[in-house]
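Enquirer: Terminal number for the sequence shown in the numbering used here: 529, no gaps in between.
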Amino acid sequence: MARNSDPALDARWLRGEIAVVGLARSGRAVARLLARSGSDVYASDAGSDATVQEAATALRADGVAVDVGHHDLARIARTSLVVVSPGVPPNAPPLAAARAAGIPIVSEIEIGLRFLPQLRYIGVTGTNGKTTTTALTGALLSALGRRSVTAGNIGTPLAEVALASSPPEWCALELSSFQLHDTPSVNPAVGVLTNLSANHLDRYSGVEAYYADKALLFKNATAASHWVSNADDPDVQTMVSHVPGMQCRFSVKRRSDAYLDASSGNLVVLGHPLIPRSELGLMGDHNVANALAASLAVMIADRDHRTGAALGRIASALREFRALEHRIEPAGEFGGVRWINDSKSTNVASTLVALRGMRQPTVILLGGRHKGEPYTSLGDELRRIGRAVVAYGEAAPIVAKDLNGLLPITQVAGDFDEVIETARRLAKPGDAVLLSPACSSYDMFDNYEERGRAFKELARGAAESV
C-alpha cells in the first residue's frame, strides 16, 4: 500500500489528521485505506449500536482513533481534510464545524479514485434506474472478460476496491447526488445519466439544488469525454445540451444510438440488433431503457467491445441478467396473489415507474418516512391498476390526504406485520401486492434492504396463515 508521501492525495491533505465522519461500510473502508497508507486518521459516528462498535474495534486495530456516540467537533476543526459518508446530511454538526474552519470535505469515492489512478470506470447517475444500470454495466464488462467490479452507491465502497491487492482494470461505478457533491475529480471513461425527477427534497432546498449535484458528473468534461443520456427525458437533455464531449443517447420511443425497435422488437445499439425484448428477463420499459443505457456505455467505452464476438457476449449477458433484489423483485405467488418487492423505490418517480409496469389489479404499499414530494402524480396509474392502497408509517396521513377519493385507502398505524396482514386481506386471487413505498425506510427500518427482506419474509408467513 502506498505511504502518505505518495501523490495519491493532495499535499495539503497530508499536513495533519484526516477525519472520517460516519462508520457505515464506506466510512470503515476509507478510514482503513487512509490508515494503511500512512495517514493519521480520526473517525467518528453519532451512533453507538453493535455495528458501529464492531467497526470501531476493527479500525482501532488499524491505528485509527475512533469516537462512537459523538463527534469531537474541536478535533474535526483542526484536521486537514474531512471524508464524509453519503448518509451524513450536509447540516450535520461535524460538517458544519469543518466548513466553519475552512476544512475541505470530500467523499469516500474521491479518496478511492485518488488511490486508483489507472482505473477506467463507467460512472452512472440519475434519479432512478442507476443501480440496475450499474449492475448491468458490470455484468457486461465481466462477460467481455474485463477484470472489473461494480462499486459506489450500489453497495461496495470504492475505497474497499482500492484496498484489494490486485485492483481491477474497470469499474461500473454508481454515483448518488450526495457522492457527486463531494467528488471534485470525477471524470469517467463514460458517464451515464439515466433520468431526472424530484428527489431528496427532505435534504435539498429544491429540485434545482438536487439537479445541480447531478450535473457535477460533467464537471470535468472535455472534448474527449463520452456521455450516455436518456433521449426520452427533457430535463436530461437540457442538462447535457452544452456538455463537451461525444453525446450518445438511448430511447424506448424512437430511433437513437440505442433504442427499442418497435417493428422488430429488438434492442438495437449502434446499429447492431442485440436481443429481442422478449429475451430480456426484466419487467417494464424502464428496464429496457436501463439495458440500452448499459449496453451503449460499454460499447462506446472501448472499440474492442464492438467486435462480432463482443456483441455476442453482450447479448448473452443481457439474456442471463435477472432483477436485482428489492427492485421490482418477484417475491413469490401465494394463494393466487403475486407479491413484488420494490423496496428500493424510495421516491415518487421510482414508484411511478413500478406502477407503469403492472398489468393486473394491485394492492400497493405506500409509506415510510416522507421525503417532501406529493403523491398526487401517482393518481393516473393508481386509477388504472389500483385495487387499494395501504398507507403506513410516518407518511401515512400525507399519502391518504394526497390520494383521497382515487381508490380505497387503508391507513395502518401499527407495525410492518400489520401492514402485510392488511395487504393480504385486501388482495384477491389474480391480484398483485406491490411494496413500492415512495418513501425512505428510516421510520421503521435501518435501510431499504432490511425493509425488503421483512416484506418477503412476512409475505410468506401471511400466505402460510391463510
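Note that the Cβ used here is the ideal one computed from N, Cα and C, for glycine as well.
Helix or strand or just coil, what does DSSP make of Leu-86?
Expert: Residue mapping note: residue 86 aligns to position 23 of the sequence shown, counting from 1. DSSP places Leu-86 in coil when its eight states are reduced to three.
Enquirer: Does the Cβ of Thr-370 have 16 or more other Cβ atoms within 10 Å, making it buried, or fewer, making it exposed?
Expert: Taking the sequence shown and counting its residues from 1, the one referred to as residue 370 is at position 307. Looking at its Cβ environment, which holds fewer than 16 other Cβ atoms inside 10 Å, Thr-370 is exposed.
Enquirer: Would you check if the distance between the CB atom of Val-453 and the CB atom of Thr-473 is smaller than 7 Å?
Expert: Here residue 453 is taken as the residue at index 390 of the sequence shown, counted from 1. Here residue 473 is taken as the residue at index 410 of the sequence shown, counted from 1. Going by C-beta atoms, Val-453 is nearer than 7 Å to Thr-473.
Enquirer: Please go through the same chain and pick out, in chain order, the residues whose beta-carbon is closer than 8 Å to the beta-carbon of Ala-71, but skip the five residues on each side of it.
Expert: Taking the first residue of the sequence shown as 1, we reach residue 71 at position 8. Here the set comprises Ala-65, Ser-100, Arg-177, Phe-178, Pro-180.
Enquirer: Extract the residue ranges of the beta strand (DSSP E) inside the segment 153 to 208, only unbroken runs of 3 or more that lie entirely within it.
Expert: The segment 153 to 208 contains these whole beta strand (DSSP E) runs: 168 to 170, 183 to 188.
Enquirer: Measuring alpha carbon to alpha carbon, tell me which of Gly-398, Ile-391, Val-482 ends up nearest Leu-428.
Expert: Within the sequence shown, numbered from 1, the residue matching residue 428 stands at position 365. Among Gly-398, Ile-391, Val-482, the Cα nearest to that of Leu-428 belongs to Val-482.
Enquirer: What's the C-alpha gap between Pro-157 and Arg-78?
Expert: Here the question's residue 157 lines up with position 94 in the sequence shown. Here the question's residue 78 lines up with position 15 in the sequence shown. So the two alpha carbons sit approximately 20 Å from each other.
Enquirer: What is the DSSP secondary structure of Leu-72, counted as helix, strand or coil?
Expert: Position 9 of the sequence shown holds residue 72. DSSP places Leu-72 in coil when its eight states are reduced to three.
Enquirer: Could you spell out the range, first to last residue, of the alpha helix (DSSP H) harbouring Arg-487?
Expert: Taking the sequence shown and counting its residues from 1, one reaches residue 487 at position 424. Its alpha helix (DSSP H) spans residues 479 to 489.
Enquirer: Within the chosen definition, does the segment 81 to 88 reach the segment 142 to 155 through at least 3 CB pairs nearer than 8 Å?
Expert: In short, these stretches touch, since the Cβ pair count reaches three.
Enquirer: Once the 5 residues before and after Arg-401 are set aside, which same chain residues still bring their CB inside 6 Å of it?
Expert: Translated into the one-based positions of the sequence shown, residue 401 becomes position 338. Once the five neighbours on either side are set aside, the close Cβ partners of Arg-401 are Ala-495.
Enquirer: Expressed to the nearest angstrom, what Euclidean distance is found between the alpha-carbon atoms of Ser-148 and Asp-276?
Expert: Position 85 of the sequence shown holds residue 148. Position 213 of the sequence shown holds residue 276. Roughly 16 Å between the two C-alpha positions.
Enquirer: With distances taken from CA atoms, which of Ala-118, Ala-272, Ala-106, Thr-120 is nearest Asp-135?
Expert: Residue numbering aside, residue 135 sits at position 72 when the sequence shown is read from its first letter. The candidate whose alpha carbon is nearest that of Asp-135 is Ala-106.
Enquirer: For Cys-234 and Arg-138, I'd like the C-alpha separation in whole angstroms.
Expert: Translated into the one-based positions of the sequence shown, residue 234 becomes position 171. Translated into the one-based positions of the sequence shown, residue 138 becomes position 75. If I take the Cα positions, the gap works out to 35 Å.
Enquirer: Roughly how many angstroms lie between the CA atoms of Gly-328 and Pro-393, to the nearest whole one?
Expert: By one-based count along the sequence shown, residue 328 stands at place 265. By one-based count along the sequence shown, residue 393 stands at place 330. Each residue's alpha carbon lies about 24 Å from the other.
Enquirer: For Asn-283 and Ala-412, which I take to be in contact (beta-carbon distance under 8 Å), what is that distance rounded to the nearest angstrom?
Expert: On the sequence shown, position 220 is the one that residue 283 refers to. On the sequence shown, position 349 is the one that residue 412 refers to. Rounded, the Cβ-Cβ distance is 27 Å, inconsistent with contact.
Enquirer: Excluding the 5 residues preceding and the 5 following Leu-259 in the sequence, name in chain order all residues of the same chain whose CB lies nearer than 8 Å to its CB.
Expert: As a working mapping, residue 259 is identified with position 196 in the sequence shown. Same-chain partners within the cutoff: Gly-189, Thr-190, Tyr-274, Lys-277, Asp-296, Asp-298, Val-299, Met-302.
Enquirer: Taking the straight line between their C-alpha atoms, what separation do you get for Ile-172 and Gly-398?
Expert: Looking up residue 172 in the sequence shown gives position 109. Looking up residue 398 in the sequence shown gives position 335. So the two alpha carbons sit approximately 46 Å from each other.
Enquirer: Could you give the residue range of the beta strand (DSSP E) that holds Arg-312?
Expert: Here residue 312 corresponds to residue number 249 of the sequence shown, with the count starting at 1. Taken as a continuous stretch (DSSP letters only), the beta strand (DSSP E) holding Arg-312 covers 309 to 314.
Enquirer: Whose C-alpha, out of Ser-304, Gln-116, Cys-311, Ala-352, is nearest the C-alpha of Leu-323?
Expert: One-based indexing of the sequence shown puts residue 323 at position 260. Nearest option by C-alpha distance: Ala-352.
Enquirer: Is it buried or exposed, Pro-460, if we count other Cβ atoms within 10 angstroms and call 16 or more buried?
Expert: In the sequence shown, the residue the question calls residue 460 occupies position 397. Burial call: exposed.
Enquirer: Would you call the CB atoms of Ser-499 and Asp-405 closer than 7 Å?
Expert: On the sequence shown, position 436 is the one that residue 499 refers to. On the sequence shown, position 342 is the one that residue 405 refers to. Yes, these two residues count as a Cβ contact at 7 Å.
Enquirer: Whose CA, out of Phe-479, Ser-239, Cys-502, lies closest to the CA of Gly-524?
Expert: Your numbering for residue 524 matches position 461 in the sequence shown. Residue Phe-479 is the option with its Cα nearest to Gly-524.
Enquirer: Residue range of the beta strand (DSSP E) that Thr-219 falls in?
Expert: Indexing the sequence shown from 1 puts residue 219 at position 156. Looking at the DSSP string, Thr-219 is not in any beta strand (DSSP E), and its letter there is neither H nor E.
Enquirer: Quick one: residues in its chain with C-beta nearer than 7 Å to the C-beta of Arg-209, no 5 flanking neighbours on either side, listed in chain order?
Expert: Stepping through the sequence shown from its first residue, residue 209 is reached at position 146. For Arg-209, where only same-chain residues beyond five positions count, the Cβ hits under 7 Å are Glu-232, Trp-233.
Enquirer: Entirely within the segment 233 to 284 and at least 3 residues each: give me those beta strand (DSSP E) ranges in chain order.
Expert: Fully enclosed beta strand (DSSP E) runs of 3 or longer: 233 to 237, 253 to 256.
Enquirer: Thinking C-beta only, is Ala-121 closer than 7 Å to Val-129?
Expert: Looking up residue 129 in the sequence shown gives position 66. Looking up residue 121 in the sequence shown gives position 58. No, they are not a contact pair.
Enquirer: Where does Leu-470 sit, in a helix, a strand or coil, going by DSSP?
Expert: Reading the sequence shown from its first residue, position 407 is the one you call residue 470. Leu-470: coil per DSSP, three-state reduction.
Enquirer: Counting only the same chain and skipping the five closest in sequence on each side, list residues whose C-beta sits under 7 Å from that of Ala-378.
Expert: Locating residue 378 in the sequence shown gives position 315, where the first residue counts as 1. So the list reads Leu-337, Ile-338, once near-sequence residues are dropped.
Enquirer: What are the residues that DSSP puts in a beta bridge with Phe-397?
Expert: Residue numbering aside, residue 397 sits at position 334 when the sequence shown is read from its first letter. Looking at the DSSP assignment, Phe-397 forms a beta bridge with Val-400.
Enquirer: Are the CB atoms of Ile-217 and Thr-197 nearer to each other than 7 Å?
Expert: In the sequence shown, residue 217 corresponds to position 154, counting from 1. In the sequence shown, residue 197 corresponds to position 134, counting from 1. Going by C-beta atoms, Ile-217 is nearer than 7 Å to Thr-197.
Enquirer: So, under 8 Å CB-CB, Val-249 and Gly-186 are touching, yes? Tell me the CB distance rounded to an integer number of Å.
Expert: Sequence index remark: in the sequence shown, residue 249 carries index 186 (1-based). Sequence index remark: in the sequence shown, residue 186 carries index 123 (1-based). At roughly 6 Å, the Cβ-Cβ gap stays under 8 Å, so Val-249 and Gly-186 are in contact.
Enquirer: What do you get for Asp-112, buried or exposed, if any count of 16 or more other CB atoms within 10 angstroms of its CB means buried?
Expert: For the purposes of this step, residue 112 is identified with residue 49 of the sequence shown, where counting begins at 1. With fewer than 16 Cβ atoms within 10 Å of its Cβ, Asp-112 is classed as exposed.
Enquirer: Hey, out of Val-462, Phe-384, Gly-420, Pro-152, whose CA is closest to Pro-437's CA?
Expert: Along the sequence shown, one-based indexing puts residue 437 at 374. That would be Val-462, whose Cα lies nearest to the Cα of Pro-437.
Enquirer: Rounded to the nearest angstrom, what separates Ile-391 and Ala-163 at their Cα positions?
Expert: Residue mapping note: residue 391 aligns to position 328 of the sequence shown, counting from 1. Residue mapping note: residue 163 aligns to position 100 of the sequence shown, counting from 1. Roughly 43 Å separates the two Cα atoms.
Enquirer: Given a cut-off of 7 Å on the beta-carbon distance, is the pair Ala-206 and Ala-357 in contact?
Expert: One-based indexing of the sequence shown puts residue 206 at position 143. One-based indexing of the sequence shown puts residue 357 at position 294. Result no, Cβ atoms of Ala-206 and Ala-357 do not sit closer than 7 Å.
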